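Numbering (our numbering), first residue to last: 63 to 162.
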């Protein structure tokens, strides 16, 4: 996990790192370790990802923060997901819950 959080060399495209972060974060999430997954989803958003990956990570982070009662933070991630990929299927249910 630590190797995924390290910044890639300036000449390297972070595509492989982005995919690895997405896969690892999703695995942690599926295993019920959402708190740990947040770190990797957040890193994915920091390094830049495809719009689809960005939206998926932002939706998951919005769900996580909403579950913790952090509505404002969830709303911020939901906005990011909408900007990245407006047709992401995870957006509509969150919009209904958050009211965005």
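Just so it is clear, CB atoms sit at the ideal spot from N, CA and C, and this is done for glycine as well.
Just so it is clear, the structure is predicted and the values come from calculations on it, not from any experiment.
*N- and C-terminal bounds of the alpha helix (DSSP H) containing residue 128*: 113 to 129
Cβ pair count under 8 Å reaching 3, the segment 101 to 114 against the segment 127 to 136:
no
When we look at the beta-carbon of residue 92 and count the other beta-carbons within 10 Å, is it buried (16 or more) or exposed?
exposed
inquiry  = Rounded to whole angstroms, what is the Cα-Cα separation between residue 148 and residue 155?
reply    = 13 Å
Can you find a heavy atom of the ligand MN that lies under 6 Å from the Cβ of residue 108?
In terms of ligand content, the structure shown is empty, and the ligand MN therefore cannot be addressed.
- Would you decide whether residue 84 is buried or exposed? Buried here means 16 or more other CB atoms lie within 10 Å of its CB. Residue 84 is classed as buried because its beta carbon has at least 16 other beta carbons within 10 Å across all chains shown.
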